[in-house]
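If you're matching them up, the sequences are chains A and B in order.
Note that the UniProt record's numbering numbers the first sequence so that position 279 is 279, with each residue one more than the last.
Note that the UniProt record's numbering numbers the second sequence so that position 306 is 306, with each residue one more than the last.
Glycine included, every Cβ here is placed at the ideal spot set by N, Cα and C.
First the structure, in the form of structure tokens, and then the observations on it.
Number of protein chains: 2
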Amino acid sequence: MSFPVIDQTQTPLLSLGFSVPSKEALVKQYVGKKLHQVRTPRLIVDRSIVTKNCRRLGEISKQQGVKVRVHVKTHKTVEATEIELDAAGTDAIVVSTLAEAWYLIESHLTASKKLNDVLLGLPVSPDKFDDVFELAQRVPKFSIFIDHIQTLDALESYYEAKFGNDDSHRIHAFMKVECGNARAGAAINNEDSLELARRLVSSKVVVVEGLYTHAGHSYACRDNESAVAFLQAERDAAINYREFLAKNGVHIKNCSIGATPTVMAAGVATKQVLEGITELHAGAFAFMDRQQMATSLADTSDVAISVLARVASRYPERGSILLDAGGLAFSKDGSPQGGFGEIIGREHWKLDKIAQEHGVVTEVPLEDFEDAPVGKVFLVRPNHCCLTAACFEFYLIIENGGDEIVDVWVPVRGW
Amino acid sequence: MSFPVIDQTQTPLLSLGFSVPSKEALVKQYVGKKLHQVRTPRLIVDRSIVTKNCRRLGEISKQQGVKVRVHVKTHKTVEATEIELDAAGTDAIVVSTLAEAWYLIESHLTASKKLNDVLLGLPVSPDKFDDVFELAQRVPKFSIFIDHIQTLDALESYYEAKFGNDDSHRIHAFMKVECGNARAGAAINNEDSLELARRLVSSKVVVVEGLYTHAGHSYACRDNESAVAFLQAERDAAINYREFLAKNGVHIKNCSIGATPTVMAAGVATKQVLEGITELHAGAFAFMDRQQMATSLADTSDVAISVLARVASRYPERGSILLDAGGLAFSKDGSPQGGFGEIIGREHWKLDKIAQEHGVVTEVPLEDFEDAPVGKVFLVRPNHCCLTAACFEFYLIIENGGDEIVDVWVPVRGW
């Protein structure tokens, strides 16, 4: 079926000359300062923990003999991507936006060949094809997701209009398949999915990379055993999908599976659990957070980020302290433990109520007020690292739990 | 009691040369384009509705004979502030961050005398005094909140160290008082609050502006009657507070009260309901959202903002459509109606599940898929305008429900 070529949309980042805040100016302003000397709220990243977490992923990859693809949506920075690639021993990333793709592909990581393989991790809409083919010129391998036949129709129309019969611009694509969380992905045992797979493998504009699943529902695991069970289920779903296609004459070999809990679980699973899997992907593992702690596969020593906040006021009569950090610093995401984060070193306090800029801490015992004067800074462990990090224009970097700033990272924002 | 002068923190915006994206470049890129031609997700603002909403506030102000102070935290832009000031007939704003204060005070609004009165709407911590006194030089009146005696102690120490006996730099301050939502504010019938009030009125570094309350809990109202009851309760709480102080010999005349639901309720309340109140404040009224619709004081025609999103994929077999907008476009805030927003013109669809960049729409009837191809744009009415607007580096402006872009507004971010 033909699909009209539609208007193409631009990544605003480009016409704005990559207008992220200047790292140089920020480094000059912040490096060498202590945490209590900076404006709050602010995201603090412990680089040593990021490195440790990425090495853990690298060890899992080596132990299981499976390549990893690291998700950069959690941090959206060049610096953390470099640590991920180095420590996890890979040259492949997945991005959640085209802005991330541009930012990283135009960085030194591609020039230095550390980054060779970029996947856009959301089914691409046809208005973005200009960007897709432009980016594909700038990195050895650029891949997209296709999980509906209209997208392939649109891609073929676009390709023909742009390149005619020249087949040298074929684009790499994963077929995204649904494996239980009903977020994205083509359904199994479905005639339309089969038709899509058939069309993909025979398409003149696509190079099929494999099947791709994401076990988002694995966040519900609460111990190693259930995490391994989720991993096993995700692996089985991917392999079943491959067999469903094969039985119907469509052969797609590679299977990429993962989510931080299941990939962490791969570290405690036998090799059989991953049989037939060619790639693991994960994102939140680099920063970690309370949601990951709830899965039991991470503890406080694995959480690399925290929100620096200050005591803005104190209400001993109601056992409450007001922090100058609210929904725009923590995000409104929850976690199974409750609250919007926990105050490091004061875990018995509750951060149960937040407004845009207000963090209302309750259940503060009277005796705790003496050491919590107005202006005092605290670090707060967030619920969900991806959404919390996205609140900040830049991150201040520390090392080994210290309180001196050693670097500043500037993430890319927007779409 | 003396409080040490602590290290001062800087607003990063300044050393970065106000590094918000360039309005000029964005206007060039977007004005004249149709909505379907721009990258998604993107915040769309209907300027006509903003103006209408601000005029409604102006009418309430005139009808009640009470000055209004408009909150700019919802939009954080110069353009919407100007509409608010013009249409609501005031020269007073409240900001939620020092970045907002800098951005607006350094804009043409102060130079043109449209903006003369700026209040920082969060109890200020002592590391921010440098900024406070610097900003106070740049606008006729700059006010802060004080609701704990340590803050006043710290302010007096700072003032003495900086200005000695020169009393020409006294800073305007509201005493923030608690009126039922236990977020911020000094408690009533409390010896410490009384001591703070006594110290404030006799302080040589402060000019007391009045008492200030915020009826955040009024969002629970569901009809005009209960909204007026919340307004009455907030007014009574403020007046009671004033009387509690007066009975104890501390006389503070002015009372500023409000939140969007109670201020909207003032439009249907008698004059007696506001007796003794000298100022009303509100913020979300300019944009409105589903949370405000839930209070019954706004309907769909009052909601000025929406999130433009595209069909990224389609899963008819599970009645689901994937939009290319998730938690980083809508925020994760909820609303009493449920879901993370509603698709305009397709209100029977459900947006009940979102991930970072995925908007999973469910309950899509099979017959609706024909008119929802991949790439089609939809507008989504958000739950909470303040948190949704904060997701975007810039807003595209339309008028009268049209689909042509007429302007671009650039909000200020961070702290």
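| Asked | Found |
| --- | --- |
| Coil, strand or helix - residue 457(B) by DSSP | Coverage of chain B is limited to positions 1 through 415, which leaves residue 457(B) absent and any answer about it impossible. |
| Proximal chain B residues relative to C386(A), where beta-carbon distance stays under 7 Å | Q356 |
| Neighbouring residues, chain B, relative to D407(A) (Cβ below 8 Å) | Here the premise fails: no neighbours, minimum Cβ distance about 15 Å. |
| Interface flag, Q337(A) vs chain B, CB-CB below 9 Å | no |
| Partner residues on chain A for G414(B), Cβ-Cβ distance less than 8 Å | F392 and E393 |
| Distance, V303(A) Cα to M288(A) Cα | 5 Å |
| Below-9 Å beta-carbon distance, I252(A) vs any chain B residue | no |
| Chain A within 9 Å of T77(B), Cβ atoms only | no |
| Within chain B, the residues that A154(A) reaches when beta carbons sit closer than 9 Å | P373, V374 and G375 |
| Sequence-distant residues of the same chain with beta carbon closer than 7 Å to V5(B), five excluded per side | S157, Y158 and A161 |
| The region 346-355 of chain B touching the region 395-415 of chain B, judged by at least three CB pairs closer than 8 Å | no |
| Those residues which DSSP pairs with C255(B) across a bridge | L211(B) |
| Beta carbon proximity, A187(B) to chain A, threshold 9 Å | yes |
| Same chain, Cβ closer than 7 Å to residue 482(A), five either side skipped, listed in chain order | This structure does not reach residue 482(A), given that chain A is present from 1 up to 415, and the question cannot be answered. |
| Boundaries (first-last residue) of the alpha helix (DSSP H) holding Y158(A) | I149 to F163 |
| Listed by chain order, chain A residues near A286(B) by CB distance under 9 Å | The premise fails here: A286(B) is roughly 15 Å from chain A at the closest Cβ pair, so nothing lies under 9 Å. |
| Opening and closing residue of the beta strand (DSSP E) in which E342(A) lies | G341 to I343 |
| Three-state secondary structure (DSSP) of L43(A) | strand |
| Residue nearest to I239(A) in terms of C-alpha spacing, selected from V207(A), M264(A), S306(A) and Q272(A) | Q272(A) |
| For K34(B), the residue or residues it bridges with in DSSP | E404(B) |
| Short-range partners of chain A found in the region 325-350 of chain B, where Cβ spacing is below 7 Å | G327, L328, S331, K332 and D333 |
| At least 3 beta-carbon pairs within less than 8 Å: the region 330-348 of chain B vs the region 66-80 of chain A | no |
| Neighbour list for R183(B) in chain A, Cβ cutoff strictly below 8 Å | L322, K353, A355, H358 and V360 |
| Rounded straight-line distance, which links the Cα of Q63(B) to that of residue 418(A) | It is not possible to answer for residue 418(A), since the shown part of chain A is limited to 1 through 415. |
| Neighbour list for R310(A) in chain B, Cβ cutoff strictly below 8 Å | S125 and D127 |
| Per-residue contacts from I6(A) into chain B (C-beta, under 7 Å) | G375 |
| Assigned secondary structure, I6(B) (DSSP; H/G/I helix, E/B strand, else coil) | coil |
| Per DSSP, the bridge partner or partners of T362(B) | K350(B) |
| Host beta strand (DSSP E) of V70(A) (start-end) | K67 to H71 |
| Candidates V412(A), G210(A), A111(A) and R183(A), of which the one nearest G276(A) by Cα | G210(A) |
| Pairwise C-alpha distance: V207(B) and L200(B) | 8 Å |
| Closer than 9 Å to chain B by CB, K162(A) | no |
| Proximity of G180(B) and A233(B) at Cβ, strictly below 9 Å | yes |
| Minimum Cβ-Cβ distance from T270(B) to chain A less than 9 Å | no |
| is_contact[G276(A), chain B] using C-beta, thresh 9 Å | no |
| Under 7 Å from the C-beta of K73(B): neighbouring residues of chain A | Q356 |
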